[in-house]
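Single-structure report; data block below.
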Amino acid sequence: MTALAWTDALALHQPCMDDTHREFVDALNAVDAARGRGLAAALQALQGLIDHSEAHFGQEDRWMAELGFEPGTCHPAQHRQILEVLHEVQRRLQREGEGALGLVDAMVPALAEWFPMHAQSMDAGLALLMAERGYEPAAG
Ligand SMILES: [Fe+2]
Ligand SMILES: [Fe+2]
């Protein structure tokens, strides 16, 4: 059982973005799998998801900036909100220990529900604009 499975519905046909999105799915499933192995494993997997998300969202934010998106638009704002949630769960696990593992149980399905919506709306819009403009992220 995985929290979130990769399906073709998640593919945006922007190779760089799709590779990153597969990594998000893997990192989220790693948190789900680690949760049952206790606090240390959950914290380690959560750090992996945070590291991934900072790079993933930072990359998309840079592409948006280079394409002339206003910095205050809702796509980067949604990235910031998710990072805040991840950091808050991390702080609570560090402070409260095992007793805060229930937050991970709540966070994983919430992120598994959020991610396909985000990918199919905000990221899909960005991928479309990148294609229209002939923007090549690998070179930039
Ligand atoms: Fe994304
Ligand atoms: Fe995004």
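Sequence positions in the sequence shown follow our numbering and run 1 to 140.
Virtual Cβ for every residue (Gly too), placed ideally from N, Cα, C.
1) What residue range does the alpha helix (DSSP H) around residue 112 cover?
2) Say the cut is 8 Å; is the CB of residue 17 nearer than that to a heavy atom of ligand 1?
3) Measuring alpha carbon to alpha carbon, tell me which residue in 27, 35, 8, 21 is nearest residue 98.
4) Is the closest heavy atom of ligand 1 to the C-beta of residue 11 under 8 Å?
5) Return the residue from the list 113, 104, 22, 123 that minimises the CA-CA distance to residue 73.
6) In whole angstroms, what separates the C-alpha of residue 60 from that of residue 54?
7) What are the boundary residues of the alpha helix (DSSP H) that residue 121 is part of?
8) Out of 66, 27, 63, state which residue places its alpha-carbon closest to the alpha-carbon of residue 49.
9) Assuming residue 31 contacts residue 10 under a Cβ cut-off of 8 Å, what Cβ separation, rounded to an integer in Å, is found between them?
10) Helix, strand or coil: how does DSSP classify residue 6 here?
11) Could you tell me the boundaries of the alpha helix (DSSP H) in which residue 52 lies?
12) Could you give the DSSP three-state label for residue 131: helix, strand or coil?
Checking against the coordinates, here is how it stands:
1) Counting along the chain, the unbroken alpha helix (DSSP H) around residue 112 starts and ends at 101-118.
2) Checking the Cβ of residue 17 against ligand 1 gives yes.
3) Out of 27, 35, 8, 21, 35 has the C-alpha closest to the C-alpha of residue 98.
4) Incorrect: residue 11 has no Cβ contact closer than 8 Å to ligand 1.
5) Ranked by Cα distance from residue 73, the first of 113, 104, 22, 123 is 123.
6) So the alpha carbons of these two residues sit roughly 10 Å apart.
7) Boundaries cannot be given for residue 121, as no alpha helix (DSSP H) includes it and DSSP labels it neither H nor E.
8) Looking at the Cα atoms, 27 is the closest of the given residues.
9) In fact, because the Cβ distance is near 18 Å, the residues do not count as touching under 8 Å.
10) Here residue 6 sits in coil by DSSP.
11) Per DSSP, residue 52 belongs to the alpha helix (DSSP H) from 39-66.
12) Helix.
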